[in-house]
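Worksheet: the structure to be examined is printed underneath.
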Amino acid sequence: MRTAVISLASGRHPHLLRQQDGLARSARAPDHYVIAAIGDPGIQTLTAGRQPSADVVALAPKDGRLPLAAARNAGAARALAAGADLLVFLDVDCIPGPTLLGG
Numbered sequence: 110m111r112t113a114v115i116s117l118a119s120g121r122h123p124h125l126l127r128q129q130d131g132l133a134r135s136a137r138a139p140d141h142y143v144i145a146a147i148g149d150p151g152i153q154t155l156t157a158g159r160q161p162s163a164d165v166v167a168l169a170p171k172d173g174r175l176p177l178a179a180a181r182n183a184g185a186a187r188a189l190a191a192g193a194d195l196l197v198f199l200d201v202d203c204i205p206g207p208t209l210l211g212g
């Protein structure tokens, strides 16, 4: 089973990096890590070269608001298009334990 972890972010870079570090320490790494970056082009550079590798989906704020549902759907669509069977949605401030994805 191919597992994807999907997170939404707009700012909160320290939280996002701690999440990525937590996933890197997992007993089982995600097959795909998708970050829906809302109005934050710096996330691509921030997460580059780190494990697990992040697939960043860039979205723009809509009317000054964060389109959370649209961002979740965009992240899910990207993961499913890459062959994910199981989608795990994590808030940006969630640091996963080592057995979240199994192991």
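Mapping of the sequence shown onto this note's numbering: position 23 corresponds to residue 132, and the numbering continues sequentially without gaps. Here a beta-carbon is modelled for each residue, glycine too, at the ideal position from N, C-alpha and C.
Other residues of its chain near residue i: CB distance less than 6 Å, five sequence neighbours each side excluded
| i | result |
| --- | --- |
| G192 | R111 |
| G212 | A136 and R137 |
| H141 | A113, A188, A191 and A193 |
For residue i, three-class secondary structure by DSSP
| i | result |
| --- | --- |
| R174 | strand |
| R117 | According to the sequence provided, residue 117 is Leu. The question's Arg does not apply to it. Reduced to three states, the DSSP call for L117 is strand. |
| A188 | helix |
| I204 | coil |
| A157 | coil |
| A145 | strand |
| A138 | coil |
Straight-line gap, residue i to residue j (C-alpha atoms, nearest Å)
| i | j | result |
| --- | --- | --- |
| G151 | V201 | 15 Å |
| N182 | V165 | 14 Å |
| C203 | R187 | 21 Å |
| Q153 | H122 | 11 Å |
| P207 | R127 | 13 Å |
| A180 | D172 | 15 Å |
Cβ distance (whole Å) where residue i is taken to contact residue j below 8 Å
| i | j | result |
| --- | --- | --- |
| I147 | L168 | 5 Å |
| L199 | S119 | At roughly 15 Å, the Cβ-Cβ gap does not stay under 8 Å, so L199 and S119 are not in contact. |
Own chain, CB closer than 8 Å to residue i, minus 5 neighbours either side, in chain order
| i | result |
| --- | --- |
| D194 | M110, R111 and T112 |
| P205 | V114, Q128, G131, L132, S135 and L199 |
C-beta contact flag for residue i and residue j at 8 Å
| i | j | result |
| --- | --- | --- |
| L177 | L125 | no |
| V197 | V143 | no |
| T156 | A163 | yes |
| P139 | P170 | no |
Cβ shell of residue i (< 7 Å), same chain only, five flanking positions each side left out
| i | result |
| --- | --- |
| D149 | A118, S119 and G120 |
| A185 | I115 and L196 |
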